[in-house]
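K.L.:
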Amino acid sequence: MRFTFLGTASAFAYPEPFCRCENCQKARKAGGKSLRKRSAALINDDLLIDLGPDIVSASQIHNTPLINLQYCLQTHPHSDHLDLSNLLSRNLNFGNVGAPLLHYYASSATLEHADETFQRDLSEYGIFDPRAEEELNLKLHRVETMQPFKVGPYQVTAFPANHAPGIGALLYAIEHNGSSVFYGTDTDSLSEETWQAFHQLNLKFDLVVLDHTNGSNQPGFGHLNADLVIKHSKRMREEGILKKNGEVYATHIAHGGNPIHAELDEFAKQNGYQAAYDGLVITL
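With positions in the sequence shown counted from 1, the corresponding number in this note's numbering is that position plus 83.
#1: Would you call the segment 101–109 and the segment 120–135 touching, i.e. three or more CB-CB distances under 8 Å?
#2: At what residue ranges does the segment 203–244 contain a whole run of the beta strand (DSSP E), taking only runs of 3 or more?
#3: What's the gap between the Cα of ASN176 and the Cα of TYR208?
#4: Let me know if SER162 comes out buried or exposed under the rule of 16 or more other beta-carbons within 10 Å of its beta-carbon.
#5: Below 8 Å CB to CB, which residues in the same chain sit around GLN357 once its five sequence neighbours on both sides are set aside?
#6: Inspect the beta-carbon positions of ALA92 and ARG111 and report whether they are closer than 8 Å.
#7: By the 10 Å Cβ neighbour count, where 16 or more other Cβ atoms means buried, how is ASN245 classified, buried or exposed?
#8: Go to LEU131, then tell me how far its alpha helix (DSSP H) extends in each direction, as first and last residue.
#9: Using beta-carbon positions only, say whether LEU133 and LEU184 come within less than 8 Å of one another.
#10: Is the Cβ-Cβ distance between PRO243 and SER274 less than 8 Å?
#11: Which whole-angstrom value is the C-beta distance of ASP269 and ALA252, which I expect to be below 8 Å?
#12: What's the call for SER191, buried or exposed, on a 16-neighbour Cβ count within 10 Å?
#13: Could you compute how far the alpha carbon of ASN260 sits from the alpha carbon of LYS233?
#14: Within this structure, are the beta carbons of ASP294 and HIS306 separated by less than 8 Å?
#15: ASN179 and SER172 - do their beta-carbons sit closer together than 8 Å?
#16: Do GLN157 and THR193 count as a contact pair if the criterion is CB distance below 8 Å?
#17: Which residue wins for smallest C-alpha separation from PHE281, given the options LEU223, THR228, PRO213?
#18: Check this for me: beta carbons of VAL292 and GLY267, under 8 Å apart or not?
#19: What is the DSSP secondary structure of SER191, counted as helix, strand or coil?
#20: Please go through the segment 270–319 and give each complete beta strand (DSSP E) segment of 3 or more residues, from N-terminal end onward.
#21: By Cβ distance below 6 Å, which residues in the same chain neighbour PHE211 in space, the five residues on each side in sequence not counted?
#22: Going by DSSP, what residue range makes up the beta strand (DSSP E) through ILE365?
#23: Apart from the five residues just before and just after SER263, which ones in its own chain have a Cβ nearer than 6 Å to its Cβ?
#24: Suppose you measure from the CA of LEU219 to the CA of TYR187; what does that come to, to the nearest Å?
#25: If we ignore side chains and look at the alpha-carbon of each, how far apart do LYS314 and GLY181 end up?
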């Protein structure tokens, strides 16, 4: 399994374009790994996590074409994770050539939000309209939590995120050819139900990706901070949820409480995890 970080920032990117804070100024000067697009990820070349607003630029910058994309797991409908104009860019009527059918997976609440937004902002019809499947080259799938399901060659299990109640935010475990990933962004502390489900479903991960919106001692507001990432990483190791040689990476990194990449990654490594950066590819 090949896992590519297409973006690793929180909602307003990093550096935030309108911000003059010290971290943003340092990031502009440092460039490279300190420049972060909004969070999304690609597994192999056919499974996307979040149809986000920066996946087009990420595809170009990191030489990661999405021409083989067949599946998308949507975490939730917030605009930094879901840009529905991407559906139009795959439409044959807009000159797209050869895009395969996209199987799109999300919670019922996320799909309802997406339908309302698409019809309001982009089209005279919604994504549930019979025309949508043909014109958008799209097949919708409603996801239930704690129930493993097949996504092409992948085994996937969704878990409820502790984030913005009412929008159906999800976290995902993805298994393929003996490798497994947990993608846990846009969530506060995992529920005890989720921790127990890891054991009940015998899930053990090679790679764990955790929300790192906030720095140490910053309140979460539906997100993890550095202290909670450390706590979650430690528990996963102690309980065998993270495999012996498994790794934990931070993503969804905000400018307010997190320093530039080199400084954040040094702090992370001292505390048992690593800081991801845009374009990072991990082969499992």
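Don't be surprised by glycine CBs; every beta carbon is placed ideally from N, CA and C. Please read all numbers here as calculations on a predicted model, not as lab measurements.
P.N.:
Inspection of the coordinates gives the following:
#1: no
#2: 221–225, 232–234, 237–243
#3: 15 Å
#4: exposed
#5: GLU330, VAL331, TYR332, ALA333, ASP348, ALA351
#6: no
#7: buried
#8: Looking at the DSSP string, LEU131 is not in any alpha helix (DSSP H); the run it does join, the beta strand (DSSP E), is 130–132.
#9: Correcting the residue type first, residue 133 is Asp in the shown sequence and not Leu. No; because the gap between Cβ atoms is not below 8 Å, this pair is not in contact.
#10: yes
#11: 6 Å
#12: exposed
#13: 13 Å
#14: yes
#15: yes
#16: yes
#17: THR228
#18: yes
#19: helix
#20: 288–294
#21: ASP198
#22: 364–366
#23: PHE288, ASP289
#24: 11 Å
#25: 45 Å
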